[in-house]
DNA sequence: CTGTTAGCGCCTTCAC
DNA sequence: GTGAAGGCGCTAACAG
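Protein chains in written order, with our numbering: chain A, 54 to 404; chain B, 54 to 404.
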């Protein structure tokens, strides 16, 4: 890049600096800085007015890079979505979460950067190689081992990290967990199914052992085993969570067993896959068999039929992450090492 | 903030600088800089290796703020979504677009910041008050007057701006337009509906005045009014685009009017909302009434019924925006002042 | 290929 | 309440 071109690349043209404003307003640049940063009581009303006038007249805008360098503070948070897909943002949960995070941060004049990344490339990503942000938020994915490895890499950066939807053993004062109450969600599922003529229950569980799913099943089990009815519970390992794996394993199961009165898919996609199969086989949902999912988002309202599910507050999770991060920046520690958000049931047409 | 706290806020602890690495590797800091920036041919293999070793050993990470300040270059692009809703990112189109943009930028080691904002607050937002990014991308909203006012404000910053889904008169070398061919998409809708026994058409339109939607309707109108059939066209203002608003307004409409032979939802969500309502009311789609949407995304392909829609490449729009911005940074101008992406029809079960 | 010098624009510190 | 000095960490420009 030749000189001329470099200019346009970042700042373009000659911009006024704090010094220019200071000279024009007949004050020192320190006073201008005080005005910009709204330091209360440090500038007289008259001076402030004059400075503000010159800021407008000279079209002054603060250079964030210079501020950050001098203040050793980035005023910025990075959001990482660990996702192999290039369309990393198309997941409903993630977008709500990001929106909540962005809104909180921007209201506090913080910047939020976002990037999708996969765990293999994390090592030589910008995140690891340079310091752009004051803290990181991350939505993990992959197996438990993969997730924890990524987490370890991030924590090695000695920057505050907020992790969504993940349980972590051991304490780390630079780590903050934000997740939904899967255990209670499982209890909600149990309570609802009990009210719907539950005789026996088939649980569709992926073989990948996610703590969130374990918690759901634990809550569900507990409610059912303490009930009058004591329904028979069968857990079907579906292999992966994929549409076809769920359908294949359920199909095999139904070949050798009678139709259960209710089916619980550990997430909405699995529930949905089972509904389609059941329909193909001539069963009526919910008359012949009731089906329930988990993690309903507004977008799933568009599905036909409308699935009975448990809804979590992704937007709120993002907000809490943002507030936690801001609090860390002011105080040096997170207000809570873990926040567990409540969930609620969403009644649909499948139970 | 006391001193101790400030440290954690941004950088935490004492980090190694380029100088530390230089000293440890027995070279000047300039050589380290050359290694970091992979300047080809500027460093001998042996030296490079020694420097890289020290970088790892000392856990060195570059301070982006210092680099940006010195180089007068932000290595960063801001994406603004002009949307009153706090959930500004929940829209499918926007998320695909953002994903495409982020991927291109991140691959080039650029950072993407994102924020939702409403036009009233733009004036005293960070974007206007400070320089964080080298360029801006924006998804506008509101009336045409509001949109152009926002655009004018952004262009006054003398930074490159990429605008999505907006037509602008007059030339500006710092402005780049990227949009899909909504007009042609509208024509595709019209052509398809005409082939499906079209008698009268109800168009579901949100009250928020998006130019893209106007163009869709214009193309549709033109095809229909030039046809032999000359079907009656009614436009129903649904209020917001929300599920419930669409259903409520359509329900009211049907109370007072006969069922149209076809319905066009200005986007997929609106079309789905109407399908659910029509079913509840006992109508068969597509036998009694044909329904078509617009902006089909992959997520919608799994829905039942599979909606007939027009597919646009939001992801690609984001990519093009990113590439255009990078090109501007290298050359000082955009490769194209306007890019119009083609659309295509996707046949489903609803027509 | 490597080193030296200088300074990007701002804010911290301390003086008055 | 305001000002002067100094330096954050990096890279441009130039010298060797």
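Beta carbons: idealized from backbone N, C-alpha and C, even for Gly.
Below 6 angstroms CB to CB, which residues in the same chain sit around residue 108/A once its five sequence neighbours on both sides are set aside?
74
For residue 82/B, which residues in chain A fall below 7 angstroms Cβ to Cβ?
Under the 7 angstroms cutoff, chain A gives no residues; its nearest Cβ is about 16 angstroms from residue 82/B.
Output needed in chain order: residues of the region 378-393 of chain A with a Cβ under 7 angstroms from some Cβ in chain B.
382, 383, 384 and 385
Using three-state DSSP, classify residue 308/A as helix, strand or coil.
helix
Which ranges would you report for the beta strand (DSSP E) in the region 266-337 of chain A if only whole runs of at least 3 residues count?
Within the region 266-337 of chain A, the runs of beta strand (DSSP E) that reach at least 3 residues and sit entirely inside it are, in chain order, 285-290 and 315-318.
Quick one: give me the first and last residue of the alpha helix (DSSP H) that residue 253/A is part of.
Residue 253/A -> not in any alpha helix (DSSP H); beta strand (DSSP E) instead, spanning 253-258.
May I have the straight-line CA-CA distance separating residue 392/B from residue 238/A, to the nearest angstrom?
47 angstroms
Would DSSP call residue 141/B helix, strand or coil?
coil
With DSSP as the reference, identify every bridge partner of residue 394/A, one or two as the case may be.
233/A
Going by C-alpha to C-alpha distance, which of 260/A, 137/A, 388/A and 167/A sits closest to residue 231/A?
388/A
Alpha carbon to alpha carbon, how far is residue 363/A from residue 295/A? Give it in angstroms, no decimals.
Each residue's Cα considered, the two are about 20 angstroms apart.
Count the other CB atoms, across all protein chains shown, that sit within 10 Å of the CB of residue 196/B; report buried if there are 16 or more and exposed otherwise.
exposed
Do three or more CB pairs link the region 370-379 of chain B to the region 196-207 of chain B at distances below 8 angstroms?
no
For residue 244/A, which of helix, strand or coil comes out of DSSP?
helix
Does DSSP put residue 155/A in a helix, in a strand, or in coil?
helix
Name the chain A residues that come within less than 7 angstroms of residue 104/B, Cβ to Cβ?
The premise fails here: residue 104/B is roughly 14 angstroms from chain A at the closest Cβ pair, so nothing lies under 7 angstroms.
Pairs of beta-carbons, one from the region 112-130 of chain A and one from the region 166-185 of chain B, closer than 8 angstroms: are there three or more?
yes
For the putative contact between residue 163/A and residue 128/A, defined by C-beta atoms under 8 angstroms, what is the C-beta separation to the nearest angstrom?
5 angstroms
Where DSSP assigns a beta bridge to residue 217/B, which residues make up the other side?
192/B and 231/B
Chain B beta carbons: is any one of them nearer than 8 angstroms to that of residue 149/A?
yes
Cβ closer than 8 angstroms: which chain B residues qualify as neighbours of residue 166/A?
By Cβ distance, chain B contributes 129, 164, 165, 166 and 167.
Determine, for residue 114/A, whether the minimum Cβ-Cβ distance to residues of chain B falls below 8 angstroms.
yes
Relative to the C-alpha of residue 343/B, which residue among 402/B, 88/B and 300/B is closest?
With distances taken between Cα atoms, residue 343/B lies closest to 402/B.
Does the region 317-333 of chain A come close enough to the region 299-307 of chain A that 3 or more CB-CB pairs lie under 8 angstroms?
yes
Quick one: what's got a C-beta closer than 6 angstroms to residue 216/A's C-beta in the same chain, skipping five residues either side?
191 and 230
So is residue 159/A in contact with chain B if we call contact Cβ pairs under 8 angstroms?
Taking 8 angstroms as the CB threshold, residue 159/A lines the interface with chain B.
Can you grab the Cα-Cα spacing for the pair residue 368/B / residue 173/A, in whole Å?
23 angstroms
If you draw a straight line from the C-alpha of residue 338/A to the C-alpha of residue 253/A, how long is it?
16 angstroms
So residue 130/A and residue 158/A are supposed to be a Cβ contact under 8 angstroms. How far apart are they, rounded?
6 angstroms
Tell me whether the beta-carbon of residue 150/A lies closer than 8 angstroms to the beta-carbon of residue 371/A.
yes
Along the chain, where does the alpha helix (DSSP H) that runs through residue 114/A open and close?
Element bounds for residue 114/A: n/a, residue is neither H nor E.
Only counting the same chain, and skipping five residues up and downstream in sequence, which positions put a Cβ closer than 8 angstroms to that of residue 59/B?
Only weak support is given to the placement of residue 59/B: the predicted model assigns it a pLDDT of 38, under 50, and the value that follows is read from those uncertain coordinates. Counting only Cβ-Cβ distances below 8 angstroms, and skipping sequence neighbours, we find nothing.
Residue 289/B and residue 269/B look like a contact to me (Cβ under 8 angstroms); what is the Cβ gap, rounded to whole Å?
Not quite, the Cβ-Cβ distance comes to about 15 angstroms (not below 8 angstroms), so this is no contact.
Could you tell me the boundaries of the beta strand (DSSP E) in which residue 400/A lies?
It is not in any beta strand (DSSP E) - residue 400/A carries neither H nor E in the DSSP assignment.
Count the other CB atoms, across all protein chains shown, that sit within 10 Å of the CB of residue 400/B; report buried if there are 16 or more and exposed otherwise.
exposed
Under 8 angstroms, Cβ to Cβ, is there at least one residue of chain A near residue 399/B?
no
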